[in-house]
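Report on one structure; see the data block that follows.
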(Lines of atoms letter the chains of each structure in order from A; the text may use other names.)
(Lines give C-alpha, C1' and ligand atoms only; values in the text may rest on other atoms or scores of the structure.)
Protein backbone atom coordinates (compact mmCIF):
# COMPACT_ATOMS: atom_id res chain seq x y z
CA UNK A 139 0.00 0.00 0.00
CA UNK A 140 1.33 3.42 -0.95
CA UNK A 141 0.40 6.23 1.34
CA UNK A 142 1.66 8.43 4.14
CA UNK A 143 1.29 7.76 7.86
CA UNK A 144 1.37 3.99 7.38
CA UNK A 145 2.01 1.53 10.24
CA UNK A 146 5.69 0.86 10.74
CA UNK A 147 6.94 -1.94 8.51
CA UNK A 148 10.22 -3.74 8.00
CA UNK A 149 11.40 -2.71 4.51
CA UNK A 150 12.42 -6.31 3.79
CA UNK A 151 8.90 -7.52 4.52
CA UNK A 152 7.27 -5.27 1.93
CA UNK A 153 6.22 -7.37 -1.04
CA UNK A 154 7.03 -6.10 -4.55
CA UNK A 155 4.13 -4.23 -6.10
CA UNK A 156 2.62 -6.08 -9.03
CA UNK A 157 -0.38 -4.20 -10.41
CA UNK A 158 -1.44 -4.08 -14.04
CA UNK A 159 -2.23 -0.37 -14.11
CA UNK A 160 -3.38 -0.33 -17.72
CA UNK A 161 -5.96 -3.06 -17.14
CA UNK A 162 -7.15 -1.34 -13.98
CA UNK A 163 -7.65 1.94 -15.83
CA UNK A 164 -9.40 0.25 -18.74
CA UNK A 165 -11.83 -1.30 -16.27
CA UNK A 166 -12.47 1.78 -14.11
CA UNK A 167 -11.36 4.86 -16.06
CA UNK A 168 -11.46 3.99 -19.74
CA UNK A 169 -10.63 7.47 -21.02
CA UNK A 170 -7.52 7.82 -18.86
CA UNK A 171 -6.42 4.42 -20.17
CA UNK A 172 -6.33 5.96 -23.66
CA UNK A 173 -3.54 8.34 -22.60
CA UNK A 174 -1.69 5.90 -20.30
CA UNK A 175 1.67 4.91 -21.72
CA UNK A 176 2.14 1.35 -22.94
CA UNK A 177 2.03 -1.81 -20.86
CA UNK A 178 5.80 -2.11 -21.27
CA UNK A 179 6.24 0.71 -18.72
CA UNK A 180 4.22 -0.94 -15.95
CA UNK A 181 7.01 -3.16 -14.61
CA UNK A 182 9.32 -0.14 -14.28
CA UNK A 183 6.58 1.84 -12.53
CA UNK A 184 5.94 -0.96 -10.04
CA UNK A 185 9.67 -1.29 -9.33
CA UNK A 186 9.96 2.43 -8.59
CA UNK A 187 6.88 2.41 -6.39
CA UNK A 188 8.21 -0.56 -4.42
CA UNK A 189 11.55 1.20 -3.88
CA UNK A 190 9.79 4.33 -2.70
CA UNK A 191 7.61 2.39 -0.28
CA UNK A 192 10.61 0.55 1.16
CA UNK A 193 12.54 3.81 1.48
CA UNK A 194 9.59 5.31 3.34
CA UNK A 195 9.51 2.34 5.72
CA UNK A 196 13.24 2.69 6.33
CA UNK A 197 13.45 6.47 6.83
CA UNK A 198 9.93 7.02 8.29
CA UNK A 199 9.75 10.20 6.21
CA UNK A 200 6.56 11.21 4.45
CA UNK A 201 6.60 11.91 0.75
CA UNK A 202 4.57 13.96 -1.67
CA UNK A 203 1.51 12.08 -2.83
CA UNK A 204 1.43 11.07 -6.49
CA UNK A 205 -1.31 9.74 -8.72
CA UNK A 206 -0.56 6.11 -7.84
CA UNK A 207 -1.24 6.74 -4.15
CA UNK A 208 -4.79 7.64 -5.14
CA UNK A 209 -5.11 4.74 -7.58
CA UNK A 210 -3.91 2.18 -5.02
CA UNK A 211 -6.35 3.39 -2.40
CA UNK A 212 -9.21 3.36 -4.90
CA UNK A 213 -8.25 -0.17 -5.95
CA UNK A 214 -7.75 -1.58 -2.43
CA UNK A 215 -10.47 0.31 -0.55
CA UNK A 216 -13.18 1.13 -3.12
CA UNK A 217 -15.90 1.57 -0.49
CA UNK A 218 -13.82 3.50 2.05
CA UNK A 219 -15.12 6.83 3.33
CA UNK A 220 -11.59 7.95 4.22
CA UNK A 221 -11.02 11.44 2.88
CA UNK A 222 -8.01 10.57 0.74
CA UNK A 223 -10.04 7.86 -1.01
CA UNK A 224 -12.86 10.31 -1.67
CA UNK A 225 -10.35 12.89 -2.90
CA UNK A 226 -8.75 10.29 -5.15
CA UNK A 227 -12.07 9.17 -6.60
CA UNK A 228 -13.07 12.77 -7.26
CA UNK A 229 -9.77 13.72 -8.88
CA UNK A 230 -9.34 10.60 -11.02
CA UNK A 231 -12.97 10.72 -12.17
CA UNK A 232 -12.51 14.39 -13.06
CA UNK A 233 -9.36 13.65 -15.08
CA UNK A 234 -11.11 10.77 -16.84
CA UNK A 235 -13.90 13.18 -17.75
CA UNK A 236 -11.42 15.78 -18.97
CA UNK A 237 -9.83 13.29 -21.37
CA UNK A 238 -13.28 12.29 -22.61
CA UNK A 239 -14.15 15.94 -23.17
CA UNK A 240 -10.87 16.50 -25.01
CA UNK A 241 -11.64 13.59 -27.34
CA UNK A 242 -15.13 14.95 -28.01
CA UNK A 243 -13.99 18.54 -28.57
CA UNK A 244 -11.28 17.45 -31.01
CA UNK A 245 -13.67 15.16 -32.91
CA UNK A 246 -11.71 12.08 -31.86
CA UNK A 247 -8.67 13.29 -33.81
CA UNK A 248 -6.13 10.44 -33.52
CA UNK A 249 -3.08 12.68 -33.99
CA UNK A 250 -4.13 15.11 -31.26
CA UNK A 251 -4.91 12.19 -28.93
CA UNK A 252 -1.43 10.78 -29.64
CA UNK A 253 0.12 14.14 -28.81
CA UNK A 254 -1.94 14.41 -25.63
CA UNK A 255 -0.71 10.97 -24.60
CA UNK A 256 2.88 12.15 -24.99
CA UNK A 257 2.17 15.29 -22.97
CA UNK A 258 0.49 13.33 -20.19
CA UNK A 259 3.28 10.76 -19.77
CA UNK A 260 4.78 12.60 -16.80
CA UNK A 261 1.47 12.36 -14.96
CA UNK A 262 1.94 8.59 -14.76
CA UNK A 263 5.63 8.38 -13.96
CA UNK A 264 6.59 7.94 -10.31
CA UNK A 265 7.48 11.60 -9.89
CA UNK A 266 5.63 12.69 -6.76
CA UNK A 267 3.79 16.01 -6.86
CA UNK A 268 5.12 16.98 -10.30
CA UNK A 269 2.15 15.13 -11.76
CA UNK A 270 0.06 18.15 -10.81
CA UNK A 271 1.74 20.15 -13.56
CA UNK A 272 0.31 17.70 -16.08
CA UNK A 273 -3.07 17.99 -14.40
CA UNK A 274 -2.92 21.77 -14.80
CA UNK A 275 -1.98 21.42 -18.45
CA UNK A 276 -4.77 18.96 -19.22
CA UNK A 277 -7.41 21.07 -17.47
CA UNK A 278 -6.16 24.26 -19.12
CA UNK A 279 -6.12 22.64 -22.55
CA UNK A 280 -9.73 21.47 -22.33
CA UNK A 281 -10.83 24.89 -21.05
CA UNK A 282 -8.95 26.72 -23.81
CA UNK A 283 -10.29 24.52 -26.60
CA UNK A 284 -13.78 25.66 -25.60
CA UNK A 285 -12.75 29.26 -24.95
CA UNK A 286 -10.87 29.67 -28.25
CA UNK A 287 -13.67 28.40 -30.53
CA UNK A 288 -14.12 28.77 -33.46
CA UNK A 289 -10.32 28.46 -33.48
CA UNK A 290 -9.24 24.82 -33.38
CA UNK A 291 -6.36 23.16 -31.59
CA UNK A 292 -3.71 22.37 -34.19
CA UNK A 293 -0.86 20.91 -32.15
CA UNK A 294 0.92 20.54 -28.82
CA UNK A 295 4.58 21.49 -28.25
CA UNK A 296 4.57 23.78 -31.27
CA UNK A 297 8.06 24.88 -32.39
CA UNK A 298 7.90 28.48 -33.54
CA UNK A 299 11.47 29.72 -34.08
CA UNK A 300 13.20 29.13 -37.44
CA UNK A 301 16.19 26.78 -37.54
CA UNK A 302 19.46 28.51 -36.79
CA UNK A 303 17.94 31.14 -34.51
CA UNK A 304 18.49 29.23 -31.25
CA UNK A 305 21.02 27.00 -29.53
CA UNK A 306 20.18 23.54 -28.22
CA UNK A 307 16.63 22.23 -28.21
CA UNK A 308 14.13 24.54 -29.93
CA UNK A 309 11.69 26.33 -27.62
CA UNK A 310 8.08 25.33 -28.09
CA UNK A 311 4.67 26.55 -27.00
CA UNK A 312 2.29 24.17 -25.26
CA UNK A 313 -0.59 24.84 -27.65
CA UNK A 314 -1.07 26.19 -31.16
CA UNK A 315 -4.55 27.15 -32.34
CA UNK A 316 -5.52 27.76 -35.96
CA UNK A 317 -8.07 30.51 -36.60
CA UNK A 318 -10.34 30.78 -39.65
CA UNK A 319 -8.91 33.43 -41.96
CA UNK A 320 -6.32 34.63 -39.43
CA UNK A 321 -2.83 33.77 -38.24
CA UNK A 322 -2.35 31.09 -35.56
CA UNK A 323 -2.33 31.74 -31.81
CA UNK A 324 0.30 30.34 -29.43
CA UNK A 325 -0.49 29.63 -25.78
CA UNK A 326 1.99 28.60 -23.10
CA UNK A 327 0.51 27.12 -19.90
CA UNK A 328 2.34 28.20 -16.75
CA UNK A 329 1.68 26.19 -13.60
CA UNK A 330 2.29 28.41 -10.57
CA UNK A 331 2.53 26.71 -7.18
CA UNK A 332 2.02 29.30 -4.46
CA UNK A 333 3.22 28.83 -0.90
CA UNK A 334 0.29 30.32 0.97
CA UNK A 335 2.42 30.87 4.08
CA UNK A 336 4.53 33.36 2.13
CA UNK A 337 1.58 35.36 0.78
CA UNK A 338 1.20 38.36 3.06
CA UNK A 339 -0.41 41.01 0.84
CA UNK A 340 -2.21 41.54 -2.45
CA UNK A 341 0.86 43.33 -3.80
CA UNK A 342 3.09 40.43 -2.82
CA UNK A 343 0.74 37.93 -4.46
CA UNK A 344 0.65 40.00 -7.64
CA UNK A 345 4.43 40.26 -7.77
CA UNK A 346 4.90 36.51 -7.34
CA UNK A 347 2.52 35.64 -10.17
CA UNK A 348 3.79 38.41 -12.45
CA UNK A 349 7.38 37.35 -11.81
CA UNK A 350 6.69 33.74 -12.79
CA UNK A 351 4.96 34.88 -15.98
CA UNK A 352 7.80 37.24 -16.89
CA UNK A 353 10.36 34.47 -16.39
CA UNK A 354 8.40 32.05 -18.58
CA UNK A 355 8.00 34.64 -21.34
CA UNK A 356 11.76 35.21 -21.38
CA UNK A 357 12.55 31.47 -21.29
CA UNK A 358 10.36 30.90 -24.33
CA UNK A 359 11.91 33.82 -26.24
CA UNK A 360 8.48 35.11 -27.17
CA UNK A 361 9.99 38.54 -27.94
CA UNK A 362 12.06 37.06 -30.78
CA UNK A 363 11.97 39.06 -34.04
CA UNK A 364 9.37 38.00 -36.56
CA UNK A 365 6.98 36.19 -34.24
CA UNK A 366 4.42 39.00 -34.34
CA UNK A 367 4.34 38.70 -38.12
CA UNK A 368 3.69 34.94 -38.04
CA UNK A 369 1.29 34.68 -35.09
CA UNK A 370 -1.87 36.62 -34.38
CA UNK A 371 -1.26 36.50 -30.61
CA UNK A 372 0.96 34.84 -28.04
CA UNK A 373 -0.54 34.23 -24.60
CA UNK A 374 0.56 32.90 -21.25
CA UNK A 375 -2.15 30.90 -19.46
CA UNK A 376 -1.37 30.80 -15.71
CA UNK A 377 -2.76 27.86 -13.74
CA UNK A 378 -2.36 28.54 -10.04
CA UNK A 379 -2.16 26.10 -7.15
CA UNK A 380 -2.95 27.38 -3.64
CA UNK A 381 -3.37 24.60 -1.08
CA UNK A 382 -5.25 26.64 1.52
CA UNK A 383 -8.90 27.62 1.19
CA UNK A 384 -8.76 30.59 3.63
CA UNK A 385 -5.94 32.10 1.55
CA UNK A 386 -7.97 31.69 -1.63
CA UNK A 387 -10.98 33.36 -0.03
CA UNK A 388 -8.86 36.18 1.40
CA UNK A 389 -7.33 37.02 -1.98
CA UNK A 390 -10.21 36.14 -4.31
CA UNK A 391 -10.73 39.76 -5.36
CA UNK A 392 -7.03 40.17 -6.15
CA UNK A 393 -7.02 36.94 -8.17
CA UNK A 394 -10.20 37.95 -10.01
CA UNK A 395 -8.72 41.31 -11.00
CA UNK A 396 -5.22 40.06 -11.91
CA UNK A 397 -4.06 41.39 -15.27
CA UNK A 398 -0.65 41.29 -16.91
CA UNK A 399 0.71 41.80 -20.41
CA UNK A 400 0.04 38.91 -22.81
CA UNK A 401 -1.66 36.95 -20.03
CA UNK A 402 -5.07 35.28 -19.93
CA UNK A 403 -7.18 35.28 -16.73
CA UNK A 404 -5.97 32.91 -14.03
CA UNK A 405 -7.24 29.33 -13.90
CA UNK A 406 -7.26 26.93 -10.96
CA UNK A 407 -8.67 23.60 -9.84
CA UNK A 408 -11.62 24.03 -7.50
CA UNK A 409 -12.69 21.31 -5.06
CA UNK A 410 -16.19 20.92 -3.63
CA UNK A 411 -18.36 18.25 -2.01
CA UNK A 412 -21.99 17.28 -2.34
CA UNK A 413 -24.41 16.54 0.50
CA UNK A 414 -23.32 12.87 0.54
CA UNK A 415 -19.67 13.75 1.02
CA UNK A 416 -18.61 12.93 -2.53
CA UNK A 417 -15.75 15.17 -3.62
CA UNK A 418 -15.64 16.61 -7.11
CA UNK A 419 -13.53 19.08 -9.07
CA UNK A 420 -13.97 21.70 -11.74
CA UNK A 421 -11.85 24.21 -13.60
CA UNK A 422 -12.32 27.70 -12.17
CA UNK A 423 -11.50 30.93 -13.98
CA UNK A 424 -10.82 34.02 -11.88
CA UNK A 425 -12.65 36.96 -13.43
CA UNK A 426 -14.52 40.03 -12.22
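Numbering (my numbering), first residue to last: 139 to 426. Backbone N, C-alpha and C define an ideal beta-carbon position, used for all residues, glycine too. What you are looking at is a predicted structure, and each value in this text was computed from that prediction instead of being measured.
Counting only the Cα atoms, residue 336 lies some 34 Å from residue 413. In this structure, the CA atom of residue 388 is about 43 Å from the CA atom of residue 304. Around the CB of residue 182, fewer than 16 other CB atoms lie within 10 Å, so the residue is classed as exposed.
The beta carbon of residue 319 lies closer than 8 Å to none in the same chain, with the five residues before and after it left out. Taking the C-beta atoms as reference points, residue 244 is found nearer than 8 Å to residue 291.
Nearest in C-alpha terms to residue 247, of all of 160, 232 and 172, is 172. Closest option to residue 373, judged by alpha-carbon separation, among 361, 177 and 379: 361. With distances taken between CA atoms, residue 280 lies nearest to 250 out of 348, 250 and 301. By the Cβ neighbour-count rule, residue 236 is buried, with 16 or more other Cβ atoms within 10 Å of its own.
Counting only the Cα atoms, residue 229 lies some 15 Å from residue 168. If you look at residue 326, you'll find it in the beta strand (DSSP E) that goes 320-332. About 5 Å separates the beta carbon of residue 269 from that of residue 205, a gap short enough to meet the 8 Å contact definition. Sorting 421, 346, 384 and 170 by C-alpha distance to the C-alpha of residue 396 places 346 at the top. Put simply, of 207, 274 and 314 the residue whose alpha carbon is nearest the alpha carbon of residue 289 is 314. DSSP, read as helix, strand or coil, puts residue 231 in helix. DSSP assignment within the stretch 354-396 yields the following whole alpha helix (DSSP H) runs of 4 residues or more, N-terminal first: 365-368, 383-388 and 390-394. As summarised for the stretch 168-209, the continuous alpha helix (DSSP H) elements at least 4 residues long and confined to that stretch are 168-171 and 180-197, given in chain order.
Judged by DSSP secondary structure, residue 252 falls within the alpha helix (DSSP H) whose first and last residues are 248-257. Under the DSSP assignment, residue 157 falls outside any alpha helix (DSSP H); it carries neither an H nor an E label.
Assignment of residue 399 by DSSP, reduced to helix, strand and coil, places it in the coil class.
In the three-state DSSP reduction, residue 404 falls in the coil class, being neither helix nor strand. CA-to-CA, the gap between residue 366 and residue 255 works out to about 30 Å. Nearest to residue 185 by alpha-carbon distance, out of 394, 363 and 155, is 155. When only Cα atoms are considered, residue 426 and residue 196 end up about 50 Å apart. For residue 293, the enclosing beta strand (DSSP E) has its first and last residue at 290-297.
Using a Cβ distance threshold of 8 Å, residue 328 and residue 403 do not count as a contacting pair.
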